[in-house]
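The opening position of the sequence shown corresponds to residue 10 in the working numbering, with each subsequent residue numbered one higher.
Every residue gets a Cβ at the ideal spot worked out from N, C-alpha and C, and that includes glycine.
Down below is the structure, laid out as structure tokens.
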Amino acid sequence: MKKPRWQYNSTVHSPLPPMTDLLSQLNSVIDNLYWLSASDELWELLTLDEEPTAEVIAKLSGKAPVKTRDFETFFLNATTEQDWHGQEDREDVKRYKDLVKLLQENLEAIVIYTAGEAEADVFVTGLAESEQWIALKTMEVES
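Next up, the structure:
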């Protein structure tokens, strides 16, 4: 089944553009969702004015070096339930699975950039159907 290009909003009786709907869905999924590292950091949703490259990410972050990471490897721990997980951890795993699915179904050219070393800014970037580049940003702190 083909994905709908827009969703009907019965409150205002008009179609929502796909980008508005996608941003709303992403904001909902990342709301109070923490990236766990040596410090727990929230996610932030950004729209980018240009295609993300190592140079663009370095300028946006102000940190170096900029490296890329594999999408599946990056999210592996966050999307894998462990025997020792409590209820809250299992809920976070489900939310991360939902996030990964949403990204894979709605973005093309997904690249994960890290900028910096011990306290790295992480940008999960991709191109939406509307041709808008977006990024989810968090921080990963090494211990």
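Proximity test, residue i beta-carbon vs the ligand ZN heavy atom, cut-off 8 angstroms
i: Ile119; result: The ligand ZN is not among the ligands present in this structure, which contains no ligands whatsoever.
Paired residues, beta bridge with residue i - DSSP
i: Gly135; result: Ile143
i: Thr56; result: Ile143
i: Thr77; result: Tyr122
i: Leu32; result: Answer is none; Leu32 lacks a bridge partner.
i: Ala129; result: Glu149
i: Leu51; result: Tyr43
Spatial neighbours of residue i in its chain, beta-carbon cut-off 6 angstroms, leaving aside the 5 residues before and after
i: Asn115; result: Leu31
i: Ala63; result: Val75
i: Thr134; result: Pro61, Val120 and Ala144
N- and C-terminal bounds of the beta strand (DSSP E) containing residue i
i: Leu116; result: Leu116 to Ala124
9 angstroms Cβ cutoff met for residue i and residue j
i: Leu51; j: Asn36; result: no
i: Ala124; j: Val150; result: no
i: Thr44; j: Val109; result: Going by the sequence as given, residue 44 is Trp instead of Thr. It is not a contact, given that the beta carbons lie outside the stated cut-off.
i: Leu111; j: Val38; result: yes
i: Leu46; j: Met148; result: Reading off the sequence, residue 46 comes out as Ser, not Leu. In this structure, Met148 lies closer than 9 angstroms to Ser46 by Cβ.
Chain-order list of residues whose beta-carbon lies under 7 angstroms from that of residue i (same chain, five-residue window excluded)
i: Ser19; result: Here the model assigns Ser19 a pLDDT of 33, short of 50, so the residue's position is not dependable, and the following value carries that caveat. Once the five neighbours on either side are set aside, Ser19 has no close Cβ partner at all.
i: Phe80; result: Ile119 and Ile121
i: Thr77; result: Val120, Ile121 and Tyr122
i: Arg99; result: Glu90
Residue range of the unbroken alpha helix (DSSP H) whose run includes residue i
i: Thr82; result: Phe80 to Leu85
i: Ser70; result: Ala63 to Ser70
Residues near residue i by beta carbon distance below 8 angstroms, same chain, minus five either side
i: Gly73; result: Looking at the sequence shown, residue 73 is not Gly but Ala. Cβ within range, chain order: Ala67, Ala124 and Gly125.
i: Val102; result: Ala87, Thr88, Thr89, Glu90 and His94
i: Ser70; result: Ala124, Gly125, Asp130 and Phe132
Expected contact under 8 angstroms - CB spacing of residue i and residue j to nearest Å
i: Pro61; j: Ala144; result: 6 angstroms
i: Glu53; j: Lys146; result: 5 angstroms
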